[in-house]
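Below: the structure, in structure tokens.
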Amino acid sequence: MPLAPITGHETTRKDLLSSLQNGRVPQVLLMTGAIGVGKQRLALWFAQVLFCSSRADAPCGRCSGCTRVLALSHPDLHWFVPVPRPKAGDFDKQIDEVAESIEALIAERRAAPWWGPADGMSSHGVASARLLQRHASMTPVEGGWRVFIIGDAERLVPQESSPEAANSLLKLLEEPPTRTLCVLTTSEPGQILPTIRSRSVPVRLGRLTDADVRSFLAAHRPDLASDAVVTRARGSIGAAIATASDVAAKAAAGAASFLDAIEAGGSAPVERALKQGPWQARGDFTALLDALAAELSRQARRAADHGDRVSPEGLEWLTAAIGHVLMARERAQGNINPQLLLASLADELATSGAA
35 MPLAPITGHE
45 TTRKDLLSSL
55 QNGRVPQVLL
65 MTGAIGVGKQ
75 RLALWFAQVL
85 FCSSRADAPC
95 GRCSGCTRVL
105 ALSHPDLHWF
115 VPVPRPKAGD
125 FDKQIDEVAE
135 SIEALIAERR
145 AAPWWGPADG
155 MSSHGVASAR
165 LLQRHASMTP
175 VEGGWRVFII
185 GDAERLVPQE
195 SSPEAANSLL
205 KLLEEPPTRT
215 LCVLTTSEPG
225 QILPTIRSRS
235 VPVRLGRLTD
245 ADVRSFLAAH
255 RPDLASDAVV
265 TRARGSIGAA
275 IATASDVAAK
285 AAAGAASFLD
295 AIEAGGSAPV
305 ERALKQGPWQ
315 ARGDFTALLD
325 ALAAELSRQA
335 RRAADHGDRV
345 SPEGLEWLTA
355 AIGHVLMARE
365 RAQGNINPQL
375 LLASLADELA
385 TSGAA
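As numbered in my numbering, residues 35 to 389 make up the sequence shown, in order.
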């Protein structure tokens with residue numbers, strides 16, 4: 035699956051295009067900005083510009099250079115992401131292990147180009163830095179530009195007993211080979227070594243507008259294109275996807291546990307209701323009710339499709355249950371205690387039949 039089109043940052047993109055047209059492309063860029071605003075995606079867009087054969091004012095998106103960047107398969111594009119510390123004892127094997135780990139993560143991004151923050155224990159260690167230097171010492175496959183993107187560059191130091199990983203890049207950053215672009219991205223520029231910052235041209239990315247976030251979600255993740263998600267995102271597409279996904283996963287799990295409690299009977303429904311946060315009517319609680327309605331609707335559709343296997347009473351209960359949940363969803367918008375509302379809903383579902 036190719037990368038989704040870049041969103042926003044028009045002024046920065048114009049500046050980068052101007053630098054290319056004037057023959058003044060900085061060889062080392064330090065892109066900073068909030069998590070999820072598109073720093074690495076903008077770096078990939080600029081790589082597309084450099085590899086594009088159309089020589090237009092923006093990447094054409096159709097030539098071999100553009101399509102291979104979008105597919106994360108261009109041989110002169112090297113995207114370094116934080117990976118776990120290698121387990122091998124031999125240093126050459128450590129480099130090979132890091133290369134395999136990076137390729138596995140890039141393969142995941144080819145399949146599903148929605149990536150979140152790196153694992154907390156992952157970093158750019160000495161082996162990653164040496165792997166980068168190895169690639170930089172080779173002749174470009176296609177004889178043109180080479181682009182190195184170092185995502186979460188603040189992780190050049192963490193998990194290392196010394197700043198070796200960052201320092202080993204200084205030689206490359208001091209005198210990059212001809213037609214080589216290094217783009218470091220970070221949401222924590224203060225964690226980048228001063229020696230690296232001094233060798234980089236800063237590019238600060240602001241937050242996207244709500245309109246940009248909403249437009250992107252409507253086009254690529256319509257399941258998340260709600261005002262609540264856009265508001266929570268605060269100008270970050272990455273945050274919109276990650277936050278909404280977390281909320282959805284939590285809500286789905288909550289809906290499943292609620293239905294399990296009703297099926298168990300006895301005191302289980304009340305105990306489950308009391309676990310609900312007391313004042314979350316416009317947040318987690320409404321997400322729970324939405325997930326509950328979605329799950330019951332799914333069961334109802336399945337029952338309708340296999341009516342010979344499901345009793346009419348079962349389908350009737352599901353239909354009634356959906357109505358009770360939707361009514362609770364309306365009541366949840368008022369000044370009502372979610373625990374009491376959930377307990378009342380549990381009683382309505384339990385007394386109208388077995389879940």
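Glycine included, C-beta positions come from ideal geometry on N, C-alpha and C.
Which residues does DSSP pair with residue i in a beta bridge?
i           : result
residue 183 : 113, 217
residue 157 : 117
Anyone know if the C-beta pair for residue i and residue j falls short of 7 Å?
i           : j           : result
residue 248 : residue 237 : no
residue 234 : residue 64  : yes
residue 276 : residue 150 : yes
residue 116 : residue 169 : no
residue 161 : residue 129 : yes
residue 59  : residue 53  : yes
residue 262 : residue 251 : no
residue 67  : residue 271 : no
residue 310 : residue 185 : no
residue 38  : residue 254 : yes
residue 390 : residue 181 : Coverage of the chain is limited to positions 35 through 389, which leaves residue 390 absent and any answer about it impossible.
residue 88  : residue 97  : yes
residue 222 : residue 188 : yes
residue 146 : residue 203 : no
residue 334 : residue 359 : no
residue 295 : residue 306 : yes
residue 109 : residue 100 : no
How big is the Cα-Cα spacing for residue i and residue j?
i           : j           : result
residue 316 : residue 366 : With a pLDDT of only 48 at residue 316, under the threshold of 50, the placement of this residue in the model should not be trusted; the figure read from the coordinates follows. About 7 Å.
residue 48  : residue 114 : 25 Å
residue 82  : residue 244 : 26 Å
residue 383 : residue 362 : 12 Å
residue 355 : residue 381 : 11 Å
residue 95  : residue 323 : 42 Å
residue 165 : residue 104 : 23 Å
residue 50  : residue 43  : 11 Å
residue 290 : residue 85  : 49 Å
residue 241 : residue 301 : 48 Å
residue 207 : residue 266 : 37 Å
residue 308 : residue 286 : 18 Å
residue 372 : residue 329 : 20 Å
residue 192 : residue 179 : Residue placement at residue 192 cannot be trusted, given a pLDDT of 43 that sits under 50; what the coordinates show is reported in the next sentence. About 30 Å.
residue 176 : residue 118 : 31 Å
residue 319 : residue 288 : 9 Å
residue 379 : residue 353 : 14 Å
residue 284 : residue 325 : 9 Å
residue 408 : residue 148 : A question about residue 408 goes unanswered here, because the residues of the chain that appear run from 35 up to 389.
residue 274 : residue 268 : 8 Å
residue 350 : residue 35  : 42 Å
residue 377 : residue 331 : 21 Å
residue 124 : residue 40  : 41 Å
residue 121 : residue 167 : 21 Å
residue 227 : residue 357 : 59 Å
residue 195 : residue 142 : Unreliable placement is indicated for residue 195, whose pLDDT of 47 sits below 50; no coordinate value is reported for it.
residue 292 : residue 375 : 13 Å
residue 314 : residue 303 : Caution is warranted here: a pLDDT of 44 is assigned to residue 314, below 50, making its placement in the model unreliable, and the coordinate value is therefore given only provisionally. Using only the alpha carbons, I get a separation of about 19 Å.
residue 56  : residue 210 : 19 Å
residue 190 : residue 224 : 13 Å
residue 156 : residue 385 : 51 Å
residue 134 : residue 127 : 10 Å
residue 213 : residue 91  : 19 Å
residue 183 : residue 79  : 11 Å
Determine the extent of the beta strand (DSSP E) in which residue i is found, giving its start and end residues.
i           : result
residue 66  : 62-66
residue 237 : 235-238
Which residue marks the beginning of the alpha helix (DSSP H) containing residue i, and which one marks its end?
i           : result
residue 303 : 302-308
residue 50  : 44-55
residue 373 : 372-385
residue 244 : 244-254
residue 96  : Unbroken run through residue 96: none, as it is neither H nor E.
residue 230 : 228-231
residue 261 : 261-267
residue 78  : 73-85
residue 208 : 204-208
With a threshold of 6 Å (Cβ to nearest heavy atom), would residue i be considered close to the ligand FAD?
i          : result
residue 64 : With respect to the ligand FAD, the structure shown offers nothing to examine, as it has no ligands at all.
Any beta carbon of chain D sitting closer than 7 Å to that of residue i?
i           : result
residue 172 : The displayed structure is made up of one protein chain only, and chain D is not part of it.
Practice task
Jot down the residue ranges of each uninterrupted alpha helix (DSSP H) in the segment 101-152, minimum 4 residues, whole runs only, in chain order.
Solution key: 125-145
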